[in-house]
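Accompanying notes for the structure given below.
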Amino acid sequence: ASFRAAKQGDRISIRWTTATEVGTVGFRVYEELADGWRRLSSEAIPASGDSTVPRTYRLEVPASTADRFYLESLESDGSSRLYGPFGLDEGRGAVLDPALVPWASIRDGGEPGARTGIGGLSARAAAPGTSAPPEARLEISETGIYRLSFEDLASAGLDFSGVQTAHLALLRGDDPVGLYVAPGAGNGRVFGPGSYLEFYGEALDTLYTTTNVYRLTVDPASARRLATDPRRPGGEAPSFYLETVSRQLRRENNFASPFPDPWTDTRMLTFGGPQTFDFDFLVEDLVSGAGGARLEVDLWGVTDLPAAPDHHVRLRLNGTPVGERTFDGLSVQLFDVELPSGLLHEGSNRLTVELPGDLGVLFDLVNFEGFRVSYPRAFEARPEGLSFRAAGERLEVGGLAAGEVVAYRLEDDGTAVRLTSLESTAEGGLQAVAFHGDRLEASYRVATAAGLLSPAISPARPRADLESGTADLLVISHPRFLEALEPWAAQRRAAGTTLKIVDVDDVYEQWSGGVFDAEAIARYIRFAAAEMGIQGVLLVGGDTYDYRDDLGLGSMSFIPSLYAQTGEFVRFAPVDPLYTDLDGDLVPDLPIGRFPVRTVAELEGLIARTLEYGAKTYRRTAVLSADAFDAGAGVSFTRHSEEMSRGLGVGWSLQKAYLDSLPLGDARGVLLDSINDGVALTSFVGHSGPSSWTFGGLLSTADARGLANAGQPTV
Numbered sequence: 003a004s005f006r007a008a009k010q011g012d013r014i015s016i017r018w019t020t021a022t023e024v025g026t027v028g029f030r031v032y033e034e035l036a037d038g039w040r041r042l043s044s045e046a047i048p049a050s051g052d053s054t055v056p057r058t059y060r061l062e063v064p065a066s067t068a069d070r071f072y073l074e075s076l077e078s079d080g081s082s083r084l085y086g087p088f089g090l091d092e093g094r095g096a097v098l099d100p101a102l103v104p105w106a107s108i109r110d111g112g113e114p115g116a117r118t119g120i121g122g123l124s125a126r127a128a129a130p131g132t133s134a135p136p137e138a139r140l141e142i143s144e145t146g147i148y149r150l151s152f153e154d155l156a157s158a159g160l161d162f163s164g165v166q167t168a169h170l171a172l173l174r175g176d177d178p179v180g181l182y183v184a185p186g187a188g189n190g191r192v193f194g195p196g197s198y199l200e201f202y203g204e205a206l207d208t209l210y211t212t213t214n215v216y217r218l219t220v221d222p223a224s225a226r227r228l229a230t231d232p233r234r235p236g237g238e239a240p241s242f243y244l245e246t247v248s249r250q251l252r253r254e255n256n257f258a259s260p261f262p263d264p265w266t267d268t269r270m271l272t273f274g275g276p277q278t279f280d281f282d283f284l285v286e287d288l289v290s291g292a293g294g295a296r297l298e299v300d301l302w303g304v305t306d307l308p309a310a311p312d313h314h315v316r317l318r319l320n321g322t323p324v325g326e327r328t329f330d331g332l333s334v335q336l337f338d339v340e341l342p343s344g345l346l347h348e349g350s351n352r353l354t355v356e357l358p359g360d361l362g363v364l365f366d367l368v369n370f371e372g373f374r375v376s377y378p379r380a381f382e383a384r385p386e387g388l389s390f391r392a393a394g395e396r397l398e399v400g401g402l403a404a405g406e407v408v409a410y411r412l413e414d415d416g417t418a419v420r421l422t423s424l425e426s427t428a429e430g431g432l433q434a435v436a437f438h439g440d441r442l443e444a445s446y447r448v449a450t451a452a453g454l455l456s457p458a459i460s461p462a463r464p465r466a467d468l469e470s471g472t473a474d475l476l477v478i479s480h481p482r483f484l485e486a487l488e489p490w491a492a493q494r495r496a497a498g499t500t501l502k503i504v505d506v507d508d509v510y511e512q513w514s515g516g517v518f519d520a521e522a523i524a525r526y527i528r529f530a531a532a533e534m535g536i537q538g539v540l541l542v543g544g545d546t547y548d549y550r551d552d553l554g555l556g557s558m559s560f561i562p563s564l565y566a567q568t569g570e571f572v573r574f575a576p577v578d579p580l581y582t583d584l585d586g587d588l589v590p591d592l593p594i595g596r597f598p599v600r601t602v603a604e605l606e607g608l609i610a611r612t613l614e615y616g617a618k619t620y621r622r623t624a625v626l627s628a629d630a631f632d633a634g635a636g637v638s639f640t641r642h643s644e645e646m647s648r649g650l651g652v653g654w655s656l657q658k659a660y661l662d663s664l665p666l667g668d669a670r671g672v673l674l675d676s677i678n679d680g681v682a683l684t685s686f687v688g689h690s691g692p693s694s695w696t697f698g699g700l701l702s703t704a705d706a707r708g709l710a711n712a713g714q715p716t717v
């Protein structure tokens, strides 16, 4: 997007920026001397990784007689692209300063209701005076044993007093879930003060959320009681189980990932020499000599160079080599290594991943996804309890805090069983608890009082009418924007369009059991197309790719996107058109649009421009812009733009801002003047990013903010 080399005393300071990066591994900078070119750094400057936001790079070198410079980008397939020449003290391109999204003010600026990755749905309580039985929405973001009392429900505004305990039902979506009901002070048949409920809750791990949703309702037909096992422990307890320590941090979003999720842990890159990357982990209560320890490592090759193989990885655990592999191209590599006895030790351990850089290729880029280490561990509890897999008719966990202990067995089919015959033995100020286990291996969860989890409780949403009637246009909106949509909706209705406007939270409630999930929207759209005769879809609300706030920016999704592979290096691209792909052929069957707004003020401005555009007097006018010829790829963007323009038909007045025909400044003038004077259609073909068109900055976000076409919007 920009390049500048400036002389500062006896040094030359070089700075360049990129608008976006896809598949770029690094950069080289050259100076042009009388006897040829000279590279200004012995090694390439590493790129930051795939990015949709501007990146800035700097290089400082001793001054020479050179007054012309070149920038080379190195791509993951072994190709390169050359930019320049750039004159000394001659700035080229646009230094981008994109407006950062003010997430804090969007979230806290008096417009509540947007969803972060850990948030929930907007509340909409039942109408006052309704006689419907109480119904609670329970949100969980951690897997474990959950307990909620009559008093917890009452504090959330839910009065379950007098409800028959046999009628209490817990649902996950439409599926009944086993529920343990502990009687209170009464006869046990009626839920009241002192009563509590228990269930085993499973959190989610999707692209969009970790929050799962359960519903507590009064429904005898759906009521299921948690299975219990009253058998007493017998036999001899095993001395260890296989614990798994894992690391899989979501530190970077890589839209080229071949894994089911675009988030990766660590980007590992070397330019022709060895580089090591260390990952520390903790081993506790190790049972020495028991054997069975294993290491699993997940990674993938990012670069795909002409040479084969082009990746070399070595693994060391606590300094001891445990794995090595060469491989080729963009491929997933899963290591599964049996660890020799004695290699792990109590306390801190270290996994080292080395890229030797010895294959004779210019660079080696590998992404580290995560690892798992399994080792024999004694049955010693942590403060909250212990989770493990084991087999045996007697299982015993020590080191538990004094007081109540709850134990569950989790069958492989997902059934949870509450173990009711626990034998406690004092261990100083702690206790050991024994219980009956299964002869076959199963999962167990033992919780102290501190380890019992509490769900987030709120009144369940009343069921909205999403399925009746017919409509020309289906509008799915975040609740924040429903009221502000009315001026636009009134105009559309006056023009004869029938609308079905729905709250996206109601869509989640009925099509994904209340879980925040783009697939719920897709399923509802397919239903509406088949049963309601819709001819188009409008989504109202912006989005973020960081649904779970892994980057810590507090970003929010108002309406989530579907994702799909759109190219060799882009496997996770947001693709709203797939929402209206009704037959699965990856082609939209209905038109779809989005108002990508984050605030009511943005929506009001967008609606005003939309209504103004419908009343425009400058119909059949267009300004067409195109990037300069791409010699490296052999692509003429001017030709593509001309082909597109022929599809407009006759009677159009066209202005053209083609960099093949005009200097950058003149092309910018044609483009900006046309927009400011009022033009129905603005088009661009060429290299671009979210904040800029072309390397030189034919149009930037700063230009967009400075447009003077109020009252004369363009598309």
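Quick note: the sequence shown uses my numbering, first residue 3, plus one each step. Note that beta-carbon positions come from the ideal geometry of N, C-alpha and C, so glycine has one too.
| Asked | Found |
| --- | --- |
| According to DSSP, which residues form a beta bridge with Y182? | E200 |
| If we require 3 or more residues per run, which beta strand (DSSP E) segments fall completely within the region 366-422? | 366-379, 387-392, 397-403, 407-412 and 418-421 |
| Could you check if T20 belongs to the surroundings of the ligand NAP, using beta carbon to heavy atom distance under 7 Å? | Ligands are entirely absent from the displayed structure, and the ligand NAP is therefore not among its contents. |
| What is the DSSP secondary structure of S563, reduced to helix, strand or coil? | coil |
| Going residue by residue through the region 608-648, where are the continuous beta strand (DSSP E) segments of at least 3 residues, counting only ones entirely within it? | 623-628 |
| Buried or exposed for Y620, please, with buried defined as at least 16 other CB atoms from any protein chain shown within 10 angstroms of its CB. | exposed |
| Please determine, among E386, N351 and L397, the residue with the shortest C-alpha to C-alpha distance to S376. | N351 |
| Excluding the 5 residues flanking L701 on each side, which residues of the same chain have their C-beta closer than 8 Å to its C-beta? | S627, R670, L673, L674, F686, S694 and W695 |
| Would you report the Cα separation of D12 and P64, rounded to the nearest angstrom? | 6 Å |
| Within 10 Å of its beta-carbon, does T167 have 16 or more other beta-carbons around it, so buried, or fewer, so exposed? | buried |
| Please name the residue, chosen from I147, V97, L140 and Q657, that lies closest to G516 on a Cα-to-Cα basis. | L140 |
| Can you round the beta-carbon distance between D312 and D263 to whole angstroms, since I take them to be within the 8 Å contact cut? | Actually they are not in contact, since the Cβ atoms of D312 and D263 sit about 25 Å apart, beyond 8 Å. |
| Just checking, does the region 588-601 make contact with the region 639-654 on the three C-beta pairs under 8 Å criterion? | no |
| Using the Cβ count rule (16 or more neighbours within 10 Å means buried), how would you classify N189? | exposed |
| How would you call P481, buried or exposed, if buried means at least 16 neighbouring beta carbons within 10 angstroms? | buried |
| So I108 packs on L61, CB below 8 Å; how close in whole Å? | Rounded, the Cβ-Cβ distance is 37 Å, inconsistent with contact. |
| Does DSSP put H169 in a helix, a strand or coil? | helix |
| Terminal residues of the continuous alpha helix (DSSP H) containing D507? | V506 to W513 |
| Count the CB pairs spanning the region 318-325 and the region 235-252 that are closer than 8 Å, and state whether there are at least three. | no |
| Reducing DSSP to helix, strand and coil, say where I594 ends up. | strand |
| Give a yes or no on whether 8 Å exceeds the smallest Cβ distance from S78 to chain C. | Note that chain C does not occur in the displayed structure, where there is just one protein chain. |
| On a Cα-Cα basis, can you pick out the residue from A68, G38, T20 and R41 that is closest to D52? | T20 |
| Taking V448 as the reference, which of L564, R70 and Y410 has the closest Cα? | Y410 |
| Kindly provide the ranges of any beta strand (DSSP E) runs that are 3 or more residues long and lie completely inside the region 197-249, ordered along the chain. | 198-203, 214-220, 229-231 and 243-249 |
| Under the three-state reduction of DSSP, which class applies to F529: helix, strand or coil? | helix |
| What does the Cβ neighbour count give for H314, buried or exposed, with the cut at 16 atoms within 10 Å? | buried |
| Roughly how many angstroms separate the alpha carbons of L540 and L475, rounded to a whole number? | 7 Å |
| Comparing alpha-carbon positions, which option in R641, R622 and G293 lies nearest D629? | R641 |
| Identify every run of the beta strand (DSSP E) within the region 47-73, keeping only runs that are complete inside it and at least 3 residues long; order them along the chain. | 57-64 |
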